[in-house]
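Residue numbers (the numbering used here): 96 to 247.
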């Protein structure tokens, strides 16, 4: 279902972008980089977090880590990651396939500045073996994302 919601999202909003389904798992950054023939930082990793009562998505370059100080300075609280059930409830995507596309209801999306180092990134596409190739700017545009400096 989640993969289909992402395919539907792209058919509606960006029909020129195809969802790529691989035989190999791309559930982790190293696996995704290998499956798609890119550097690990080109994998656009989506993290599902709670800020107070709100759930947000933060998309970062693959090997980057959230900087707790930057996050707290920006949002006034420490980041709290959702557990696997919470991630599925909020996004309809399984852990390893989480992306900012095809969500059951709108979530605020933040793209970390680390993504701007690349002309093309590879975020997951709703399944642990699905992804898309997209420019960071186009991804931010399609998801209504706000650019933020949140990583180390």
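For each residue, glycine too, the CB sits at the ideal point set by N, CA and C.
Model, not experiment: these values are computed from the prediction.
Residue 179: buried (16+ other C-beta within 10 angstroms of its C-beta) or exposed?
-> exposed
Just tell me which of 115, 223, 241 and 134 has its CA closest to the CA of residue 202.
-> For the set 115, 223, 241 and 134, the Cα lying nearest the Cα of residue 202 is the one of 241.
Residue closest to residue 165, alpha-carbon to alpha-carbon, out of 235, 153 and 214 | 153
Comparing alpha-carbon positions, which option in 244, 246 and 208 lies nearest residue 232?
-> 208
Rounded to whole angstroms, how far is the Cβ of residue 114 from the Cβ of residue 146, which I believe are closer than 8 angstroms?
-> Going by Cβ atoms, the distance from residue 114 to residue 146 rounds to 29 angstroms, so no, they are not a contact pair.
Under 8 angstroms between C-beta atoms of residue 189 and residue 223 = yes
Would you kindly work out how many angstroms separate the C-alpha atoms of residue 168 and residue 107, rounded to a whole number?
-> 36 angstroms
From the DSSP output, read off the bridge partner residues of residue 176.
-> 144
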